[in-house]
Amino acid sequence: MNTKPSSTDITDALRRLEELEWFEQCLIVTTEAPTVLSMLSQIRELMLQKFSYDRMGIMSASLDPRYCVIHELVTKDTMQACPPGSLMIIKNTGLEWVFNHKAPHYSPNITNEPEFLEDEELAQIGLRSIIRVPLVFNSKVFGVMTLKSCKENAYTPEQVSLLHRLGQRIAAGIHALKLIQDLRELSHRDALTRAYNRYFLNELQAADNPVEYLERTTHLEFPYSQNVAALFIDVCNFKEYNDTHGHLEGDKRIQELSASLTDIVGDEGIVIRFGGDEFLILLPGGNRQALMQVEQRLRQGFRTNSYEQTLEVSIGTATGKWSGLTTIVEAADKRMYKDKDREKDRENDKEKNAATSQV
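Numbered continuously in the numbering used here, the sequence shown closes out at residue 548.
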């Protein structure tokens, strides 16, 4: 005999349906968000629809022997309490427990059962219930999500389980975004030197806002300016070096040259391997004094521990607006070849003078 579902059954079914719809929204966010910060921010808004809490935080983080390194963090009031790169000491805290056990931890009343270092302080400001959930994917913890309430026994086991499943999806999303970032980074880097490559330069030239593109891809901060300075660098007589020492040693010298260029430029600019033994340095801001200082240091040559021979370089410089970056690079390239011709003329004059003195 068929029986009608009770009102309780209907209520439970509607609740489960609502929960599934909410979780589906979360899944869409974790698969479509363009950045980790965007994902966490959107999840925060969805959490407000489903859970009651007085404090909350979702952070992307990693653990080293002594600290938790915060990569991204969102909180209930959107306050960025800990900027990316911040270090948090977590020894004997609930965060350490969650990182180590890779499992959620629920404290229904921290005044009765303080387990962790921070519990007493949190209880003093009126908090009672705390859920700590790891963001776990493939047995790796990508961060932690916490909910804190001033009510005792504020959360049910079902809610803890739901947050645990959500934490796993967030972790999978972070993992996917990290893979995309790593692949993008590889596509921008020269395989031999790890300097930026021509593909990166092409994207930079096509960018609507080059400085914003630089900061997004290099994770460095540059002065907001429409100007840029360029140095085009070519190694003199590199073919002879390869012929003398072999191509493997030549590759090592190119790697050492690239590393030296990167050290000289520091965080003030970027080094691009244009091709072969040619490099391009871009200095956002187009400061002429900085340009001259870099050029002077470059002209001192580069020496390695392997050989006494110093690699001399030909350099061409140019400055201008970001909007004319292609023209700036071409101008620096042409001036580099003029510098190379002058160097050849000087070498020829030396040889002539040496021959004359022997007569």
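Glycine included, each C-beta is placed from N, C-alpha and C at the ideal position.
Give me whichever residues DSSP pairs with residue i in a beta bridge.
{"i": "Ile461", "result": "Tyr385 and Leu469"}
{"i": "Arg317", "result": "Note: Arg317 sits in no beta bridge, so no partner."}
{"i": "Ala419", "result": "Leu471 and Ala507"}
{"i": "Thr335", "result": "Gly246 and Arg321"}
{"i": "Val330", "result": "Val325"}
{"i": "Ser350", "result": "BP columns for Ser350 are empty, so no partner."}
{"i": "Val502", "result": "Val424"}
{"i": "Arg378", "result": "Tyr385"}
Helix, strand or coil for residue i per DSSP?
{"i": "Tyr242", "result": "coil"}
{"i": "Leu390", "result": "helix"}
{"i": "Glu261", "result": "strand"}
{"i": "Arg204", "result": "helix"}
{"i": "Ile278", "result": "strand"}
{"i": "Leu252", "result": "strand"}
{"i": "Tyr344", "result": "coil"}
{"i": "Ser296", "result": "strand"}
{"i": "Leu229", "result": "helix"}
What residue from the options has the CA that sits closest to residue i's CA?
{"i": "Asp243", "options": "Glu210, Glu307 and Arg317", "result": "Arg317"}
{"i": "Asn342", "options": "Ser296, Val325 and Ala384", "result": "Ser296"}
{"i": "Val518", "options": "Arg531, Leu471, Arg477 and Lys527", "result": "Leu471"}
{"i": "Trp211", "options": "Leu355, Val225, Arg524 and Ser251", "result": "Leu355"}
{"i": "Met575", "options": "Leu226, Asp266 and Asn281", "result": "The chain is shown from 190 up to 548; residue 575 falls before or after that span and cannot be answered."}
{"i": "Thr382", "options": "Asp466, Gly435, Cys271 and Met228", "result": "Asp466"}
Taking 8 angstroms as the threshold (C-beta atoms), are residue j and residue i in contact?
{"i": "Ser447", "j": "Phe468", "result": "yes"}
{"i": "Ser328", "j": "Lys291", "result": "yes"}
{"i": "Pro559", "j": "Ser376", "result": "The requested residue 559 does not occur in the structure, where the chain is confined to residues 190 to 548."}
Compute the beta-carbon to beta-carbon distance between residue i and residue j, rounded to the nearest angstrom, for a pair I have assumed lies under 8 angstroms.
{"i": "Ile369", "j": "Ser249", "result": "That belief does not hold up - the Cβ atoms of Ile369 and Ser249 are roughly 14 angstroms apart, past 8 angstroms."}
{"i": "Arg488", "j": "Ile504", "result": "7 angstroms"}
{"i": "Ala419", "j": "Thr516", "result": "So it is not a contact: roughly 10 angstroms between Cβ atoms."}
{"i": "Val400", "j": "Leu514", "result": "With a Cβ gap of about 11 angstroms, Val400 and Leu514 do not count as contacting."}
{"i": "Leu235", "j": "Val218", "result": "7 angstroms"}
{"i": "Leu337", "j": "Leu311", "result": "For the sequence presented, residue 337 should be read as Lys rather than Leu. 7 angstroms between Cβ atoms; contact."}
{"i": "Tyr402", "j": "Leu393", "result": "6 angstroms"}
{"i": "Ile461", "j": "Asn398", "result": "The pair is not a contact, with the Cβ atoms about 19 angstroms apart (cut-off 8 angstroms)."}
May I ask whether a heavy atom of the ligand COA can be found less than 7 angstroms away from the beta carbon of residue i?
{"i": "Thr515", "result": "Because no ligand of any kind appears in the structure shown, any question about the ligand COA cannot be addressed here."}
Examine chain C for any beta-carbon lying closer than 8 angstroms to the beta-carbon of residue i, and answer yes or no.
{"i": "Gln489", "result": "The structure shown contains no chain C; it is built from a single protein chain."}
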